[in-house]
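In the numbering used here, the protein residues as written are 27 to 405. One structure below.
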Amino acid sequence: MSQGSTRRPPIEKGRWAAKGTKPLPEQASVQHVLSVMLIHVCRKVLFIATEVKITLYSIALFFGSLVCDFLPIPKMYMSSKENLFNQYFVKIGWAWTLAVVGSFIYFTSLTYGCGRKEIVKRHMSRMLIGTGFWLFWSQFFFNYVENQTGVCLGKAILKDKYTCNGNGFQWHSFDISGHAFLLVYINLLLVEEAKAIVGWEGIRDLLRENYETWTPVIRFLFLCMTFVSLLSDVMLACTVIYFHTMPQKVAGGVIAIGTWYFTYRFWFKYESSPGLPGKGLFSYQHLVDRSKESFGAKRRTSIVKDPKDLPTFMGMPIYSNVKDRERKREEDREEDRSTLTEEPEFNRSLPKADNSRFIPKGDFFSPEPRYGRKPRKVN
Numbered sequence: 027m028s029q030g031s032t033r034r035p036p037i038e039k040g041r042w043a044a045k046g047t048k049p050l051p052e053q054a055s056v057q058h059v060l061s062v063m064l065i066h067v068c069r070k071v072l073f074i075a076t077e078v079k080i081t082l083y084s085i086a087l088f089f090g091s092l093v094c095d096f097l098p099i100p101k102m103y104m105s106s107k108e109n110l111f112n113q114y115f116v117k118i119g120w121a122w123t124l125a126v127v128g129s130f131i132y133f134t135s136l137t138y139g140c141g142r143k144e145i146v147k148r149h150m151s152r153m154l155i156g157t158g159f160w161l162f163w164s165q166f167f168f169n170y171v172e173n174q175t176g177v178c179l180g181k182a183i184l185k186d187k188y189t190c191n192g193n194g195f196q197w198h199s200f201d202i203s204g205h206a207f208l209l210v211y212i213n214l215l216l217v218e219e220a221k222a223i224v225g226w227e228g229i230r231d232l233l234r235e236n237y238e239t240w241t242p243v244i245r246f247l248f249l250c251m252t253f254v255s256l257l258s259d260v261m262l263a264c265t266v267i268y269f270h271t272m273p274q275k276v277a278g279g280v281i282a283i284g285t286w287y288f289t290y291r292f293w294f295k296y297e298s299s300p301g302l303p304g305k306g307l308f309s310y311q312h313l314v315d316r317s318k319e320s321f322g323a324k325r326r327t328s329i330v331k332d333p334k335d336l337p338t339f340m341g342m343p344i345y346s347n348v349k350d351r352e353r354k355r356e357e358d359r360e361e362d363r364s365t366l367t368e369e370p371e372f373n374r375s376l377p378k379a380d381n382s383r384f385i386p387k388g389d390f391f392s393p394e395p396r397y398g399r400k401p402r403k404v405n
């Protein structure tokens with residue numbers, strides 16, 4: 027090495043290797059992976075299409091109840107009204123719904139509403155409306171129908187259910203199934219309110235602080251909602267098999283479906299209403315997590331091709347009619363070339379100008395040799 031030359035400083039390996047590369051995400055913990063898998067399973071359970079659920083409930087309440095009304099069903103623990111699930115879940119089912127769904131609405135609206143109290147109150151009012159409908163149907167309307175259509179067996183002079191039962195007699199009436207109404211309505215309400223978590227990962231970059239603070243709580247409440255939904259389906263099956271008659275259960279189910287349709291498919295779509303779940307300062311349910319979006323974009327750029335190109339595997343075409351496709355592609359190319367070289371139509375209508383006098387003879391514009399010299403023949 028010459029004396030005047032300068033020596034280059036050594037290049038750091040890490041800096042050179044990291045140039046032009048993106049930083050890798052932190053390694054996910056086992057707890058995080060398990061929670062994501064569990065949430066995925068809960069989504070599959072809870073996000074069954076509402077139309078499918080209504081169809082299944084209608085078939086169960088009509089045909090299932092009709093069969094069970096005429097077939098002798100063996101008695102089991104769940105056939106008793108004193109079983110634990112009936113006593114501590116169905117009879118106080120709306121209290122469980124208020125606790126779980128109400129908390130879910132509060133924390134989700136607190137997150138996508140950026141902590142604004144008016145947004146939280148607006149979304150919480152949906153539970154207040156649901157409670158009002160539940161009180162009206164189960165505590166007033168059902169009792170009114172039962173009193174108006176009943177008769178006291180053994181003493182017809184008694185015109186009231188409570189007086190009849192208090193004197194040791196039995197009141198026979200059309201008793202609309204409160205269990206069928208409550209369990210169907212809870213399930214439909216859970217499906218609608220759980221939609222607030224659709225696209226939830228997309229707000230991570232927009233509301234990082236609120237997202238990281240409340241997302242673990244929201245995920246736990248989402249698990250609880252899935253459990254309540256599954257238990258409601260089990261208890262609805264027990265109601266279909268063991269309790270009430272088919273018309274009574276169908277009436278309860280129809281009222282539940284009608285209440286859900288009126289609120290979530292009609293009323294809550296108006297601006298003056300409490301609004302649908304997930305409606306806040308901005309729309310996030312169409313957003314996608316950026317990490318997933320970039321990965322999907324990379325895959326799409328490597329997969330999506332020009333439809334004229336032949337798909338190949340290891341350089342070989344995978345279709346049998348290769349010759350036909352090659353011939354079609356060549357015809358398309360020839361057509362493109364003729365289109366490019368063809369003179370435009372508007373140029374054909376213009377008069378042709380004689381520009382020969384402007385081109386000097388013997389110049390490089392002319393094919394004749396310059397200065398009158400003829401080219402020599404090369405042997």
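Yeah, the Cβ is synthetic: ideal placement off N, Cα and C, and Gly gets one too.
Report task. Could you tell me whether the region 241 to 255 touches the region 175 to 190, where touching means 3 or more Cβ pairs closer than 8 Å? Result -> no
Query raised in the report: Helix, strand or coil: how does DSSP classify L136 here?
Result: In the sequence shown, the residue the question calls residue 136 occupies position 110. Correct three-state label for L136: helix.
Requested in this report: State the Cα-Cα distance for the pair F207 and A125, rounded to the nearest angstrom.
Outcome: The residue you call residue 207 lines up with position 181 of the sequence shown. The residue you call residue 125 lines up with position 99 of the sequence shown. In this structure, the CA atom of F207 is about 19 Å from the CA atom of A125.
Query raised in the report: Alpha carbon to alpha carbon, what distance is there between G301 and K275?
Result: The residue you call residue 275 lines up with position 249 of the sequence shown. The residue you call residue 301 lines up with position 275 of the sequence shown. C-alpha separation (whole angstroms): 30 Å.
Query raised in the report: By Cβ distance below 7 Å, which residues in the same chain neighbour D332 in space, the five residues on each side in sequence not counted?
Result: Start at 1 with the first residue of the sequence shown, and residue 332 comes out as number 306. Its pLDDT being 47, under 50, D332 is placed unreliably in this model, and the value from its coordinates should be taken loosely. Exclusion of the five residues before and after D332 leaves no residue of its chain whose Cβ lies closer than 7 Å to its Cβ.
Query raised in the report: What number of angstroms, rounded off, separates the C-alpha of F195 from the C-alpha of F89?
Result: The residue labelled residue 195 in the question sits at position 169 within the sequence shown. The residue labelled residue 89 in the question sits at position 63 within the sequence shown. C-alpha separation (whole angstroms): 32 Å.
Query raised in the report: Between K187, T157, G158, which lies nearest to Y170 when the distance is taken from Cα to Cα?
Result: Within the sequence shown, residue 170 is the residue found at index 144, counting from 1. Among K187, T157, G158, the Cα nearest to that of Y170 belongs to K187.
Query - CA-to-CA distance, S61 to Y237, given in whole angstroms - result: By 1-based counting over the sequence shown, the position of residue 237 is 211. By 1-based counting over the sequence shown, the position of residue 61 is 35. Approximately 16 Å between the Cα atoms of the pair.
Query raised in the report: Given a threshold of 16 other Cβ atoms within 10 Å of its Cβ, counted over all protein chains shown, does E297 qualify as buried or as exposed?
Result: Mapped onto the sequence shown, residue 297 falls at position 271. E297 comes out exposed.
Report task. Find out if the Cβ-Cβ distance for the pair L214, W286 is shorter than 7 Å. Result -> If you number the sequence shown from 1, residue 214 lands on position 188. If you number the sequence shown from 1, residue 286 lands on position 260. Cβ atoms of L214 and W286: closer than 7 Å.
Query - Beta-carbon proximity list for I244, same chain, < 8 Å, skipping 5 on both sides - result: For this step, residue 244 is matched to residue 218 along the sequence shown. Same-chain partners within the cutoff: F130, F133, T134, T137, I223, W226.
Query - Cβ-Cβ separation, L209 to M261 (assumed contact under 8 Å), whole Å - result: Taking the sequence shown and counting its residues from 1, the one referred to as residue 261 is at position 235. Taking the sequence shown and counting its residues from 1, the one referred to as residue 209 is at position 183. Contact holds; Cβ gap of about 6 Å.
Query raised in the report: For V56, is the classification buried or exposed, using 16 other Cβ atoms within 10 angstroms of its Cβ as the cut-off for buried?
Result: For the purposes of this step, residue 56 is taken as residue 30 along the sequence shown, with counting starting at 1. Exposed, since its Cβ has fewer than 16 Cβ neighbours within 10 Å.
**Report entry** Three or more C-beta pairs below 8 Å linking the region 265 to 275 and the region 88 to 108
**Finding:** yes
Query - CB contact flag (K185, P303, <7 Å) - result: By 1-based counting over the sequence shown, the position of residue 185 is 159. By 1-based counting over the sequence shown, the position of residue 303 is 277. Against a cut-off of 7 Å, the Cβ pair of P303 and K185 comes out as no contact.
Query raised in the report: Is the closest heavy atom of the ligand ADP to the C-beta of F88 under 6 Å?
Result: Among the components of this structure there are no ligands whatsoever, and the ligand ADP is therefore not found.
Query raised in the report: Of all the options Q311, E218, T241, F292, which has the alpha carbon lying nearest to the alpha carbon of L72?
Result: For the purposes of this step, residue 72 is taken as residue 46 along the sequence shown, with counting starting at 1. Just measuring C-alpha positions, the residue of Q311, E218, T241, F292 sitting nearest L72 is E218.
**Report entry** Local conformation of L179 per DSSP, three classes
**Finding:** Reading the sequence shown from its first residue, position 153 is the one you call residue 179. Reduced to three states, the DSSP call for L179 is strand.
Report task. Alpha carbon to alpha carbon, how far is P273 from S199? Give it in angstroms, no decimals. Result -> For the purposes of this step, residue 199 is identified with residue 173 of the sequence shown, where counting begins at 1. For the purposes of this step, residue 273 is identified with residue 247 of the sequence shown, where counting begins at 1. Between S199 and P273, the C-alpha separation is close to 12 Å.
Query raised in the report: Taking the DSSP output, what are the residues bridged to H198?
Result: Within the sequence shown, residue 198 is the residue found at index 172, counting from 1. DSSP lists V177 as the bridge partner or partners of H198.
**Report entry** 8 Å contact criterion, which G306 and I145 should meet: CB distance rounded
**Finding:** Indexing the sequence shown from 1 puts residue 306 at position 280. Indexing the sequence shown from 1 puts residue 145 at position 119. Contact holds; Cβ gap of about 6 Å.
Query raised in the report: In whole angstroms, what is the alpha-carbon distance linking S91 and G141?
Result: Start at 1 with the first residue of the sequence shown, and residue 91 comes out as number 65. Start at 1 with the first residue of the sequence shown, and residue 141 comes out as number 115. If you take the alpha carbons of S91 and G141, they lie about 47 Å apart.
Query raised in the report: Under a Cβ-count criterion, where at least 16 other Cβ atoms within 10 Å of its own Cβ denotes burial, should N112 be classed as buried or exposed?
Result: Numbered from its first residue, the sequence shown carries residue 112 at position 86. Buried, by the Cβ-count rule.
Query - Residue nearest to L161 in terms of C-alpha spacing, selected from T189, I183, N193, G204 - result: Stepping through the sequence shown from its first residue, residue 161 is reached at position 135. The residue with the shortest Cα to Cα distance from L161 is G204.
Query raised in the report: Which value, in whole angstroms, describes the spacing of the CA atoms of H66 and T239?
Result: Position 40 of the sequence shown, counted from the first residue, corresponds to residue 66. Position 213 of the sequence shown, counted from the first residue, corresponds to residue 239. C-alpha separation (whole angstroms): 21 Å.
Query raised in the report: Can you give the Cα-Cα distance for L257 and G279, rounded to whole angstroms?
Result: Looking up residue 257 in the sequence shown gives position 231. Looking up residue 279 in the sequence shown gives position 253. Cα to Cα, L257 sits roughly 17 Å from G279.
Query raised in the report: What did DSSP end up calling P273 once you bin it into helix, strand or coil?
Result: Counting from one through the sequence shown, the residue named residue 273 turns up at place 247. Three-state result, P273: helix.
Report task. Using three-state DSSP, classify E291 as helix, strand or coil. Result -> Within the sequence shown, numbered from 1, the residue matching residue 291 stands at position 265. The amino acid at residue 291 is misidentified as Glu; the sequence shows Arg. Looking at R291 - three-state DSSP - the assignment turns out to be coil, as it is neither helix nor strand.
Query raised in the report: CB I80 to CB I283, shorter than 7 Å?
Result: Sequence index remark: in the sequence shown, residue 80 carries index 54 (1-based). Sequence index remark: in the sequence shown, residue 283 carries index 257 (1-based). Yes, the Cβ-Cβ distance between I80 and I283 is below 7 Å.
Requested in this report: Work out the CA separation of N109 and G128 for me, nearest whole Å.
Outcome: Position 102 of the sequence shown holds residue 128. Position 83 of the sequence shown holds residue 109. Going by the C-alpha atoms only, they are around 27 Å apart.
Query raised in the report: Which one of G158, W197, N193, I183 has the shortest CA to CA distance from N173?
Result: Taking the first residue of the sequence shown as 1, we reach residue 173 at position 147. The shortest Cα separation from N173 among G158, W197, N193, I183 belongs to W197.
Report task. Pull up the distance between the alpha-carbon of N193 and that of D201, whole angstroms please. Result -> The residue given as residue 193 occupies position 167 in the sequence shown. The residue given as residue 201 occupies position 175 in the sequence shown. So the two alpha carbons sit approximately 20 Å from each other.
Query - Buried or exposed by the 16-neighbour rule on C-beta atoms within 10 Å, applied to A86 - result: In the sequence shown, residue 86 corresponds to position 60, counting from 1. A86 should be labelled buried.
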